[in-house]
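Asker: Numbering (this note's numbering), first residue to last: 18 to 278.
We put the beta carbon where it would ideally sit given N, CA and C, even for glycine.
(1) Determine, using beta-carbon pairs with one atom in the region 192-206 and one in the region 107-122, whether at least three such pairs fall under 8 Å.
(2) Decide if residue 220 is buried, meaning its Cβ has at least 16 other Cβ atoms within 10 Å, or exposed.
(3) Could you name the residues that DSSP lists as bridge partners for residue 265?
(4) If you draw a straight line from the alpha carbon of residue 261 to that of residue 242, how long is it in whole angstroms?
(5) Going by CA-CA distance only, name the one from 20, 89 and 32 that's closest to residue 56.
(6) Spatial neighbours of residue 107 within its chain, please: C-beta separation below 7 Å, excluding the five flanking residues on both sides.
(7) Exposed or buried, what is residue 105 when buried is set at 16 or more other beta-carbons lying within 10 Å of its beta-carbon?
(8) Distance check for residue 176 and residue 41, CA to CA, integer angstroms please.
(9) What did DSSP end up calling residue 26 once you bin it into helix, strand or coil?
(10) May I ask you to report which of helix, strand or coil DSSP gives residue 20?
(11) Buried or exposed for residue 166, please, with buried defined as at least 16 other CB atoms from any protein chain shown within 10 angstroms of its CB.
(12) Taking all protein chains shown into account, decide if residue 239 is buried (16 or more other Cβ within 10 angstroms of its Cβ) or exposed.
(13) Report all residues from its chain with a CB closer than 7 Å to the CB of residue 224; omit the five preceding and five following residues, and keep chain order.
(14) Going by beta-carbon coordinates alone, are residue 129 and residue 163 separated by less than 8 Å?
(15) Give the DSSP-derived three-state secondary structure of residue 39 in the structure shown.
(16) Which complete beta strand (DSSP E) runs does the region 116-181 hold, if anything under 3 residues is left out?
(17) Mind checking residue 217: buried by the 16 CB within 10 Å criterion, or exposed?
(18) Consult DSSP for residue 274 and reduce its assignment to one of helix, strand or coil.
(19) Report the three-state DSSP secondary structure of residue 193 (helix, strand or coil).
(20) Comparing C-alpha positions only, which one of 34, 29, 170 and 70 sits nearest to residue 90?
(21) If you run the structure through DSSP and keep just helix, strand and coil, what is residue 84?
(22) Distance check for residue 159 and residue 268, CA to CA, integer angstroms please.
(23) Just to confirm my understanding: we take residue 121, look at its own chain, exclude 5 residues before and 5 after, and list those with CB closer than 6 Å. What are they?
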């Protein structure tokens, strides 16, 4: 609503994972998940059955829609459980999830979106659809600095204001000097796939390990067997090109911010 996208539906998803406790990250993203951004309350009506809406929307436009997943994969897995044939209706899935190489960000080997519901992630990775994993080991290569955030202070666009507000918790409360553009990179890859280098390999999710639950296991051995259900696993990124796209979307040329970073 703040950005004027009132034509984009908002639906309520699952409130708990397939198994285990609810895991949240308010210590990192603030109490509202948006860094404590002071946004006005929305007055729109929220669709109650987010999973049902997802199924209906995909089924109505088979082969046309790309799913961009930037959170735990519970809703997507529930859609598969409820209507398995919905998988064939999806054009592509691009997810910010997992990591081909450690470390993780909640355990030594697990990334949060997978760790929060590893059973759901395992279901999603086991489907025969076109799937791209934009993992933590790649998103951590695209950093947004405090000086770049400060360079947005003169920009009065709502997009720039939102980025400043959402990043405030990390920069001003947590005291970090840089933050990775995790979710924006996944969106960028959906728009411009050649922003990243990739390999085709199967991804398996550890769901039971005492020390490794939530790990995305990618066979990186030179003699790895051919994947049965290949995932397009991102291995590198043209960070400068992506950041140029990111800043231009905010109405601020990347070169002007890079000079101040």
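Answerer: In this structure, then:
(1) Contact holds: three or more Cβ-Cβ distances are below 8 Å.
(2) Classification for residue 220: buried.
(3) Per DSSP, none; premise fails for residue 265.
(4) C-alpha separation (whole angstroms): 38 Å.
(5) By alpha-carbon distance to residue 56, the top candidate from 20, 89 and 32 is 20.
(6) The residues are 75, 82, 84 and 146.
(7) Exposed, since its Cβ has fewer than 16 Cβ neighbours within 10 Å.
(8) So the two alpha carbons sit approximately 26 Å from each other.
(9) Reduced to three states, the DSSP call for residue 26 is coil.
(10) Residue 20 sits in coil when the DSSP states are folded into three classes, being neither helix nor strand.
(11) By the neighbour-count definition (other C-beta atoms within 10 Å, threshold 16), residue 166 is a buried residue.
(12) Exposed, since its Cβ has fewer than 16 Cβ neighbours within 10 Å.
(13) Around residue 224: 135, 136, 139 and 230.
(14) Taking 8 Å as the cut-off, the Cβ atoms of residue 129 and residue 163 do not count as close.
(15) Three-state result, residue 39: coil.
(16) Whole beta strand (DSSP E) segments, 3+ residues: 148-151 and 160-162.
(17) Answer is exposed; the Cβ neighbour count stays below 16.
(18) Caution is warranted here: a pLDDT of 45 is assigned to residue 274, below 50, making its placement in the model unreliable, and no coordinate value can be reported.
(19) Secondary structure of residue 193 (DSSP, three-state): coil.
(20) Of the candidates 34, 29, 170 and 70, the one whose C-alpha sits nearest the C-alpha of residue 90 is 34.
(21) Strand, per DSSP.
(22) In a straight line, the C-alpha of residue 268 is about 19 Å away from that of residue 159.
(23) Excluding five sequence positions before and after residue 121, the CB atoms of its chain that fall closer than 6 Å to its own CB belong to 127 and 128, given in chain order.
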